[in-house]
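First up is the structure itself, then whatever we jot down about it.
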Amino acid sequence: MNSQAERFLAELHRSPQTVRAYRADLRHLTGWLRETAHGLEREALEAYFAVHPHWAPATRSRKQTTLERFCRWALQHDLLDRDPTLHLEHPRLPPPHPRGLRREDIERIFAVIPPEQARDALLFRLVFETGLRIGEALGIHVEDLDLTRGDEHLTVLGKGSRKRTVLLDDPRLVSALRRYLRTLGYTHGPLFQATKNGRGGPLRYQSVQERWQGYARRAGVTCTLHQLRHSHATELVNGGVSLATIRKRLGHQHIQTTLRYAEVSDSTADAELRRWRRQRH
Numbered sequence: 001m002n003s004q005a006e007r008f009l010a011e012l013h014r015s016p017q018t019v020r021a022y023r024a025d026l027r028h029l030t031g032w033l034r035e036t037a038h039g040l041e042r043e044a045l046e047a048y049f050a051v052h053p054h055w056a057p058a059t060r061s062r063k064q065t066t067l068e069r070f071c072r073w074a075l076q077h078d079l080l081d082r083d084p085t086l087h088l089e090h091p092r093l094p095p096p097h098p099r100g101l102r103r104e105d106i107e108r109i110f111a112v113i114p115p116e117q118a119r120d121a122l123l124f125r126l127v128f129e130t131g132l133r134i135g136e137a138l139g140i141h142v143e144d145l146d147l148t149r150g151d152e153h154l155t156v157l158g159k160g161s162r163k164r165t166v167l168l169d170d171p172r173l174v175s176a177l178r179r180y181l182r183t184l185g186y187t188h189g190p191l192f193q194a195t196k197n198g199r200g201g202p203l204r205y206q207s208v209q210e211r212w213q214g215y216a217r218r219a220g221v222t223c224t225l226h227q228l229r230h231s232h233a234t235e236l237v238n239g240g241v242s243l244a245t246i247r248k249r250l251g252h253q254h255i256q257t258t259l260r261y262a263e264v265s266d267s268t269a270d271a272e273l274r275r276w277r278r279q280r281h
């Protein structure tokens with residue numbers, strides 16, 4: 001199997017790090033098969049994973065992915081009669097903790113957006129200050145805005161076609177919205193429009209992602225656009241806002257999704273424990 005594995009790795013066309021990881025996984029399996037006199041069969045693979053219960057789910061999943069890709073390659077080259085990994089179950093991986101950005105890093109990105117790109121600046125500020133999903137923000141129409149002074153809010157269509165009302169509580173954001181509408185004269189239709197060839201139209205998700213990455217690179221910050229939503233949620237948790245309110249704000253269907261943000265807020269937990277301790281003494 002060693003020579004076959006090397007042929008597979010040579011045709012992989014992946015980064016050197018990935019090739020090294022795949023080679024290590026295949027060598028480990030090959031050594032175990034040789035020691036136990038097993039062939040490359042499903043029963044052997046089940047036994048292989050069973051005798052390594054100490055592997056973390058992510059490690060087990062990566063090793064299994066390596067084997068699956070190798071076996072598919074071997075089938076295509078008539079080196080196997082059937083795929084022994086076909087019905088192997090992958091371990092269930094816990095959802096990754098959402099990771100927000102520091103406000104100072106976000107402001108660095110906003111600072112490099114040129115003044116003439118008011119649409120981009122408003123869109124990204126809106127996502128950060130409200131926690132909207134990118135798709136929700138791009139779907140906003142002017143008619144969805146209510147800028148009544150002292151009660152500014154908007155209506156968005158979230159996942160599962162569920163509507164929710166989102167309070168616009170940041171004065172800087174509200175001022176930018178009013179200025180944007182006044183400058184462009186929008187009274188109806190999409191709030192964020194493309195301007196290709198001088199014609200307005202829906203702004204594409206991919207285009208927005210690319211523009212954000214461009215600004216982030218210019219500011220020297222490595223991040224994704226979706227992290228703006230995570231950053232808003234993390235700030236709410238750290239500010240002591242209840243999980244029920246955060247759930248409503250973000251449009252989560254299940255409270256378990258919101259709880260992921262609470263788990264990353266160690267500073268809030270420490271502050272609450274210190275307050276409790278001071279009250280006792």
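Everything in the sequence shown is counted per the UniProt record's numbering, starting at 1 for the first residue and increasing by one. Just so it is clear, CB atoms sit at the ideal spot from N, CA and C, and this is done for glycine as well.
Close-in-space but distant-in-sequence residues of the same chain around residue i (CB under 6 Å, 5 per side omitted)
i, result
"Thr258", "Leu243, Ile246, Arg247, His252"
"Thr165", "His153, Thr155"
"Thr44", "Here residue 44 is Ala; the residue named in the question, Thr, does not match the sequence. The residues are His38."
"Arg278", "none"
"Lys63", "Asp25"
"Thr85", "Leu67, Glu68, Cys71"
"His87", "none"
Same chain only: Cβ atoms within 7 Å of residue i, ignoring 5 sequence neighbours per side
i, result
"Arg211", "Asp120"
"Gln227", "Arg99, Gly100, Leu101"
"Leu9", "Val19, Tyr22, Arg23"
"Thr66", "Tyr22, Asp25, Leu26"
"Leu79", "Gln4"
"Phe49", "Arg60"
"Leu29", "Tyr48, Leu67"
"Gly185", "none"
"His90", "Ser61, Gln64"
"Gln178", "Checking the sequence, you will find Arg at residue 178 rather than Gln. Result list for Arg178: Leu147, in chain order."
Extent of the continuous beta strand (DSSP E) to which residue i belongs
i, result
"Arg164", "163-167"
Residue range of the alpha helix (DSSP H) that includes residue i
i, result
"Thr245", "243-250"
"Tyr232", "It should be noted that the sequence gives His, not Tyr, for residue 232. Start and end: 227-238."
"Leu173", "171-184"
"Leu29", "16-36"
"Val208", "205-219"
"Leu9", "2-10"
"Leu157", "Taken as a continuous stretch (DSSP letters only), Leu157 belongs to no alpha helix (DSSP H), being part of the beta strand (DSSP E) at 153-157."
Sheet register partners of residue i (DSSP bridge)
i, result
"Gly135", "Paired residues: none, contrary to the question."
"Gln193", "Pro202"
"His52", "His52 is not bridged to any residue."
"Leu145", "Leu154"
Own chain, CB closer than 8 Å to residue i, minus 5 neighbours either side, in chain order
i, result
"Glu11", "Trp73"
Whole beta strand (DSSP E) runs in the segment 62-133 with 3 or more residues, listed along the chain? For the segment 62-133, there is no continuous beta strand (DSSP E) assignment of 3+ residues that stays within its boundaries.
With contact counted as at least three CB pairs below 8 Å, one residue from each stretch, are the segment 141-149 and the segment 179-195 in contact? Contact between the segment 141-149 and the segment 179-195 is established, with three or more Cβ pairs separated by less than 8 Å.
Per the contact definition of three or more C-beta pairs closer than 8 Å, is the segment 166-178 in contact with the segment 125-138? yes
Assess, as a yes-or-no matter, whether the segment 203-220 is touched by the segment 106-113 under the definition of 3 or more beta carbon pairs within less than 8 Å. yes
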